[in-house]
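Asker:
Numbering (full-length UniProt numbering), first residue to last: 1 to 321.
1. Taking C-alpha atoms, which residue in 263, 247, 250 and 176 lies nearest to residue 5?
2. Compute the Euclidean distance between the alpha carbons of residue 25 and residue 64, then round it to the nearest angstrom.
3. Alpha carbons only, please: which of 254, 183, 270 and 23 is nearest the one belonging to residue 261?
4. Can you tell me which residues form a DSSP beta bridge with residue 112?
5. With respect to the beta strand (DSSP E) encompassing residue 53, which residues constitute its N-terminal and C-terminal limits?
6. Sort 66, 195, 228 and 227 by Cα distance to residue 238 and report the nearest one.
7. Quick one: Cα of residue 28 to Cα of residue 34, how far?
8. Go ahead and pull the three-state DSSP assignment for residue 97.
9. So who's on the other strand from residue 308, going by DSSP bridges?
10. With distances taken from CA atoms, which of 274, 275, 277 and 305 is nearest residue 289?
11. List, from N- to C-terminal side, the alpha helix (DSSP H) runs of 4 residues or more that fit wholly inside the region 127 to 166.
12. Determine which residues share a DSSP beta bridge with residue 259 and list them.
13. How far does the beta strand (DSSP E) with residue 182 in it extend, from its first residue to its last?
The following block contains the structure:
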C-alpha cells in the first residue's frame, strides 16, 4: 500500500488497531474506532492512500461526509467560486475568504478589514501565545517611532513593578507610587491616540467606563492592571493606518511567485503564515494554482482576484480567521 506520506501510514495503522467496523461512504471508507472521540476516513488518489481523522458520530448528524471533514466540495467536483466556500484537496483545505472585482476593492479591503486581522494576530504575538510571519509585522519592525518605543519600555517597566506588588514586598506604598506613575504615562499615551484601554489579560473589563481626567482617581478606577500588549497592538495598528499608502506599497512589493509547503504554486502575496500549519495568500489576478501533493498533480482555476486561506487537515492546529 502506497501512502501519501508517513503520517498517513501511521494514521492507517492506528485506524486498523482501533477498528470496530468499516463501511463505504461516497468515495471514502469510514473506519469506526474504539476511541471515544475520533474515527478515520480513508481515501485514495492515483494509488496513493490518505487517512483523515474525523470527529466521532459526525456522520450521524450530517448527511455529507465532506462537512465532517471540514470542506464543502472535493476539488474534483464543480463548485462555485464565492466567499466562504471550502475546497478539499487530498489532506489540504482551501477556503475562499474574499473575492474581488478590481484592484481598488483589494486596497480598500486591506486597509479597512485585513489590518484588523493583523492587529489581532499582532496582539497574540505580543502575548507570546502564537507566532505569525506577515508583511504587517515586517512593516512595523522597520518603523522608527518614538511613541512605540516609549510604550515598549513603559510596558516592560510596568510589568516588572507589578510583579513586585504581587509579591507583597516591604515598602509597598513606595512601589505603588512607582506603579501609578508608569500607569499615568500609559493612560496619557492612550488618550493621545484615542485608544480604549483594556484591563487584565485579554479581557475588556470596563467597556463602558472612562478614565477620569483627575489623575488622583486612577487608583480607584483601575482595579486590574492595564493590558499593555493590547494597548501596544492598538497603537501599532493606528501607526499603520496613518501610513496606509506606505504600507500598501510595501505590501504589494511582496508580490511574486510562491510555493506553499513545496506543494501549492502560484503568484501573489503571502498575507500571513503560521509555519507548517496555515497560509493566507492574496492573488491579485485570475490564474491556475498548481498543486503537487505526494506526487499527485492537480490544477485549480482561480477565476477572480481572491484571498485564500490554505490549511492542513483537521489533525493539524488551526488558528481561526
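Think of the CB as a built atom: it goes at the ideal place given N, C-alpha and C, for glycine as much as any other residue.
Answerer: Taking the structure as given:
1. Taking the first residue of the chain shown as position 1, residue 5 is located at position 5. Nearest of 263, 247, 250 and 176 to residue 5, Cα basis: 263.
2. Translated into the one-based positions of the chain shown, residue 25 becomes position 25. Translated into the one-based positions of the chain shown, residue 64 becomes position 64. Straight through space, the alpha carbons of residue 64 and residue 25 are spaced by roughly 9 Å.
3. The sequence position of residue 261 within the chain shown is 261, counting from 1. The residue among 254, 183, 270 and 23 with its C-alpha nearest the C-alpha of residue 261 is 270.
4. Stepping through the chain shown from its first residue, residue 112 is reached at position 112. Listed as beta-bridge partners of residue 112 by DSSP are no residues whatsoever.
5. For this step, residue 53 is matched to residue 53 along the chain shown. Segment 48 to 55, the beta strand (DSSP E) holding residue 53.
6. Along the chain shown, one-based indexing puts residue 238 at 238. When the alpha-carbon of residue 238 is set against those of 66, 195, 228 and 227, the nearest one is in 195.
7. Counted from its first residue, the chain shown places residue 28 at position 28. Counted from its first residue, the chain shown places residue 34 at position 34. So the two alpha carbons sit approximately 19 Å from each other.
8. Counting from one through the chain shown, the residue named residue 97 turns up at place 97. Here residue 97 sits in strand by DSSP.
9. Position 308 of the chain shown, counted from the start, is the residue given in the question as residue 308. Within the DSSP bridge table, the entry for residue 308 names 96 and 281 as partners.
10. Translated into positions along the chain shown, residue 289 becomes position 289. The shortest C-alpha separation from residue 289 is found at 305.
11. Listed in chain order, the alpha helix (DSSP H) elements of length 4 or more contained wholly in the region 127 to 166 are 135 to 142 and 146 to 166.
12. Reading the chain shown from its first residue, position 259 is the one you call residue 259. Bridge partners of residue 259: 265.
13. In the chain shown, residue 182 corresponds to position 182, counting from 1. If you look at residue 182, you'll find it isn't in any beta strand (DSSP E); it sits in the alpha helix (DSSP H) that goes 172 to 192.
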